[in-house]
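Those protein sequence lines, which keep their order, are chains A and B.
Position 350 (the first sequence) corresponds to 465 in this note's numbering; numbering is contiguous.
Position 223 (the second sequence) corresponds to 338 in this note's numbering; numbering is contiguous.
In this text, a Cβ means the ideal position worked out from N, Cα and C, and glycines have one as well.
One structure below.
Protein chains: 2
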Amino acid sequence: MADRSLIFAEAEFRGRVHRLQARMAEEGLHALLLTSAADVFYISGFLTRFWESPARPWFVVVPAAGDPVAVIPSIGAELMGRTWMPIVRTWDAPDPRDDGVSLLTETLCALTPTNGRIGVPMGLETHLRMPLGDYGTVATRIAPRSFIDGTATIQRVREIKSEAEVGLIRETCAIADRTFARVPEFVAAGKPLDEVFRDFQITLLQEGADWVSYVAGGAGQDGYGDVISPAGQQPLAKGDVLMLDTGAVRNGYFCDFDRNYAIGRASDVAKRAHHALFRATETVLERLRPGMVASDVHSLLIKGLTDAGATPSGGRFGHGLGITLTEWPSFTPLDQAPLREGMVLTLEPGVVTAPGRIMVHEEDIVLYADGPQLLCRRTPADLPEIHA
Amino acid sequence: MADRSLIFAEAEFRGRVHRLQARMAEEGLHALLLTSAADVFYISGFLTRFWESPARPWFVVVPAAGDPVAVIPSIGAELMGRTWMPIVRTWDAPDPRDDGVSLLTETLCALTPTNGRIGVPMGLETHLRMPLGDYGTVATRIAPRSFIDGTATIQRVREIKSEAEVGLIRETCAIADRTFARVPEFVAAGKPLDEVFRDFQITLLQEGADWVSYVAGGAGQDGYGDVISPAGQQPLAKGDVLMLDTGAVRNGYFCDFDRNYAIGRASDVAKRAHHALFRATETVLERLRPGMVASDVHSLLIKGLTDAGATPSGGRFGHGLGITLTEWPSFTPLDQAPLREGMVLTLEPGVVTAPGRIMVHEEDIVLYADGPQLLCRRTPADLPEIHA
C-alpha cells in the first residue's frame, strides 16, 4: 500500500470504536484512555516505529459516544493526519513544564461528566505508557472524575479479530512460512548461532516483513536450555536441535511461531519429542471449540504430550496473537478466559528432553465456530534434518 | 562473544550499582525499583528481545547497600542465571492470581526499613512496565513504606557512559557507517521507498547489527513531510531528497543517526539546506563543552542554521543515546539539564525547505572535558548524489 495509514477502511476503525463504546456502556465507563503503541494503533491506524523512543507520551481518548480524540506530540501530527482520526490535538513535546498533561486533562474533562469514570488499562498484560508522575497529576486534575480499570473493555474487543485482521496475520505468517522453507539455505553444521539469527532476520525481510520485532531460538544436543536468549557465537554441531522463533511484522500485525530442525541426523530423543509436540498440537487442532476456556487447551496439550510418552515442560503453552507479539489469554492451568470465535491464538507446547533441555513447537491459528484454522503452514510431522 | 551476558565484566555492573547507591544515599532512598527493559539491562546485563511480549513484568531492586535482586518470571531464570546478578528470585508467570506481586512485596520489605522510601522512575522519559493495578497493590502492601520518584537517581547515573559503553556505541555506529556507505548499492530512482527501507535493514544486519529496532526516513522533492512514518510504496524520483535514519542495536547499545542523499542531481534548495545543517552541527562540534546546558545546544544549532540563511524547523534538535534509542536530555529551548562529561548525545537539527517539507541531519557524539568526539563518521559537507 502507498500509505500505511490506509491498511484498513475507515469502517474497520469505526466498528472497533462502536464495539468499545457498547462495552463501555455496559461497564459504566464515560471514556477510555489508551496510551500503548498497540492500543493507539488499534483505534487510529497510527503505525510508526517511533514508539522505540521513550521520550514522548501519546494518547487516544475514546468517549462514551462520538469520535475518538488523539492527543499527541506535534511530531506525529503529519502521520496521524493521514489516518481516519477525526480529531487530533497536539502539543510541542517534550515539554518539561507540561508534557501533554494539561491538554489531556482538558480533553478528558470536555468528554466526560463531572463525576465521570474513565477506563485505563491496569490489568495483566497492560502497561501505562506515560510517566507515572504525570498520570498522578492528571488523576488529581480530572477529579471528581476518576480513573478505573478499563482492561476488560479493551481486551474483550481487541481479542476478537475481524476477517481483515485475520487476513493480515495470515499474510505475516506466510512471510515466516516462506522464510522457514529457506532455512536450509543458510543453516549448516559449523555455523555460529548468531549468524543464523542474522540470516533468519534478513530472510524474513526479503520475504516481505516490514520489520522483525522478535527473533529467538536455541540450539543444543537433543534440545536447548531456554527460548528467550539472544544468540551466542557457538557453532551449530551435528546432533543439535535448532529452534528458530519469530515475531515478524507486516502492516502492524505479528506472526509468532517457531520451527525445529535437526542438524545432521536427528537423534531418537529429538524425533520422539518432535512427534509428541506434533501430536499434542494435532489434538488441539481437532478438538478446540469456542466456549472452552484457556486452561482446557493447556490440559489438551499436556494430555497429548503424556499420551505420546513425553514429559511436558512448565510455563504457558500458547497465547493470543495480533498487534503485539503475545496477547491474552494464556494457555496455563490457571487461566479461565473463555475462548471465543475470532480469536487468533498460538499453540506452544514444550517438552523436557534431558535435564535442563527442552524442545518447543508453535503454531498460529484462528478459532472459528467449527474449530481452529491454521494461519501458518503446518510443521512437518517428522523433525526435518539439515545435512550440510 | 559466546555469551551475551558477558558483554561487560562484573566490575562494570558493580560500579553502576555503587554509583546508584551513592545517589540513593544523597536522596534518602532505601531502595530503587526498576521495571523497564533498559533499566533491568543496565543493572544486570539481562539482554533479550522477549520484552516484546507484554505478558510478564520483570523487576530489579537495588537496595541502599549490598547486592541488587532480580525478581523475575521463571522463564528468564536460565538467562538471568548467566548474568552476574547474585540474587535471582522467580515465580511462574503469568499467574492471574498473583503475578509477582507477593514476591516483589516481600523482596522490597526485606530490603528496606518499615518507613522505607523506595524510588521508582516516575518522571519524563520513564514508564512503569508492570500493570498499574499490581503497582497499586504493591504500594498498599509495602506500607508504611512508600514509593517516591526515583527518576533523577537512575538518570543521573545512566546518562554518564563508561568507556566500555562508549566503545559499544561506537561499534554500533560503525555498523551504520558501513551501511550508509553501501546505500548507493540499493538506492536508485524508481525504487519504492518500502523496498529501500527493507534493504537498509538487511544491510544493517549484514554489517553486524544484532537487530534493527528503529528505521525511519522520508523522501520527497527538496525534503520530506515528516520523519517518523513507515515507508509507503511510492517510488523514488529524480529530485527527491532521501533521508534514512536508524537505531540499530548491537550488544544492547544503539546508534541513532541519519544521512541524506539526493536522487539524481541535488537541487539548490537541498544543497543549501544540507550545508546549513552541516554548518550548524559543525558549530556544536567546535563549541560544546561540559557545563553548558541542553538549551545551549539548541541555541547554537538555531544560530548555526540562521547564520547559514536557513529556516530552523520546530521540535527537539537532538538528545541522549545509549541503551534506548533516545535518552534525556532534549535539545530544546526548555531543557536546562547540565551537559556532563561522559554523556553520549545526538545532534539533530532540522530546517524547513518548503511549506510542509523539512530536512534533518543527525550525528552521534560523546562529550569529553575538551569537547565532543564523533562516534560516527562525519556526514559529507556536500549532499551526496545518487545517479542510478
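Which class does residue i belong to by DSSP, given the choice of helix, strand or coil?
i: B/Thr61; result: This structure cannot speak to residue 61 of chain B, because chain B is shown only from 116 to 503.
i: B/Ala117; result: Below a pLDDT of 50, predicted positions are generally treated as unreliable, and B/Ala117, at 41, falls in that range; the measurement from the model is reported next regardless. B/Ala117: coil per DSSP, three-state reduction.
i: A/Arg138; result: helix
i: B/His390; result: helix
i: A/Glu274; result: coil
i: B/Glu500; result: strand
i: B/Ala170; result: coil
i: B/Thr268; result: helix
i: A/Met195; result: helix
i: A/Ser344; result: coil
i: A/Val302; result: coil
i: B/Ala324; result: coil
i: A/Gly424; result: coil
i: A/Gln451; result: coil
i: A/Ala185; result: strand
i: B/Gln488; result: strand
i: A/Ser445; result: strand
i: B/Ser261; result: strand
i: B/Arg232; result: strand
i: A/Ala146; result: strand
i: B/Arg374; result: strand
i: B/Gly335; result: strand
i: A/His133; result: helix
i: A/Glu477; result: coil
Can you grab the Cα-Cα spacing for the pair residue i / residue j, in whole Å?
i: B/Ala291; j: A/Thr361; result: 24 Å
i: B/Ala117; j: B/Thr447; result: Low per-residue confidence applies at B/Ala117: pLDDT is 41, beneath 50, and the placement is therefore not dependable, though the value from the model is reported in the following sentence. Distance between the alpha carbons of B/Ala117 and B/Thr447: 41 Å.
i: A/Phe174; j: A/Asp422; result: 49 Å
i: B/Ala452; j: B/Gly323; result: 34 Å
i: A/Leu359; j: A/Thr398; result: 23 Å
i: A/Val467; j: B/Phe301; result: 45 Å
i: B/Gln136; j: B/Ala304; result: 55 Å
i: A/Thr318; j: A/Pro172; result: 34 Å
i: A/Ala409; j: A/Phe432; result: 10 Å
i: A/Met474; j: A/Tyr339; result: 7 Å
i: B/Gly437; j: B/Cys370; result: 7 Å
i: A/Trp199; j: A/Leu147; result: 18 Å
i: B/Val311; j: B/Ala496; result: 24 Å
i: B/Ser120; j: A/Gly333; result: Note that B/Ser120 scores a pLDDT of 49, beneath 50, so its modelled location is shaky; the value from the coordinates is reported in the next line. Those two C-alpha atoms are separated by around 15 Å.
i: A/Glu456; j: B/Arg138; result: 53 Å
i: A/Gly251; j: A/Pro350; result: 51 Å
i: A/Glu221; j: A/Thr150; result: 16 Å
i: B/Tyr483; j: B/Arg404; result: 7 Å
For the putative contact between residue i and residue j, defined by C-beta atoms under 8 Å, what is the C-beta separation to the nearest angstrom?
i: B/Asp341; j: A/Leu440; result: Their Cβ separation, rounded to whole angstroms, is 27 Å, which puts B/Asp341 and A/Leu440 out of contact at 8 Å.
i: A/Arg203; j: A/Gly196; result: Per the sequence shown, the amino acid found at residue 203 of chain A is Val instead of Arg. At roughly 6 Å, the Cβ-Cβ gap stays under 8 Å, so A/Val203 and A/Gly196 are in contact.
i: B/Val364; j: B/Thr287; result: 7 Å
i: A/Val235; j: A/Gly215; result: Incorrect: roughly 15 Å between the Cβ atoms, too far for contact.
i: B/Tyr376; j: B/Val298; result: 6 Å
Note down, in chain order, every chain B residue with its Cβ under 9 Å from the Cβ of residue i.
i: A/Gly362; result: Arg164, Glu167, Ser168
Interface residues of chain B around residue i at Cβ under 7 Å?
i: A/Arg313; result: Leu320
i: A/Asp264; result: Gly248
Around the C-beta of residue i, are 16 or more other C-beta atoms found within 10 angstroms, so that it is buried, or is it exposed?
i: A/His145; result: buried
i: A/Ser261; result: exposed
i: B/Ile263; result: exposed
i: B/Asn230; result: exposed
i: B/Lys276; result: buried
i: B/Gln488; result: exposed
i: A/Gly278; result: Note that residue 278 of chain A is Glu in the sequence shown here, rather than Gly. Counting Cβ neighbours within 10 Å, A/Glu278 comes out exposed, since fewer than 16 surround it.
i: B/Asp485; result: exposed
i: A/His434; result: buried
i: B/Pro201; result: exposed
i: A/Ala208; result: buried
i: B/Arg244; result: buried
i: A/Gln270; result: buried
i: B/Asp479; result: buried
i: A/Asp337; result: buried
Listing by chain order, which chain A residues have their CB less than 8 Å from the CB of residue i?
i: B/Gly465; result: Result: empty, since nearest Cβ-Cβ is about 10 Å, beyond 8 Å.
At 7 Å on the CB atoms, spell out the chain A contacts of residue i, in chain order.
i: B/Asp341; result: Glu193, Leu194
i: B/Tyr329; result: Arg164, Glu167
Starting from the beta carbon of residue i, find every residue of chain B whose beta carbon is closer than 8 Å, and list them in chain order.
i: A/Trp326; result: Gln316, Val327, Val330
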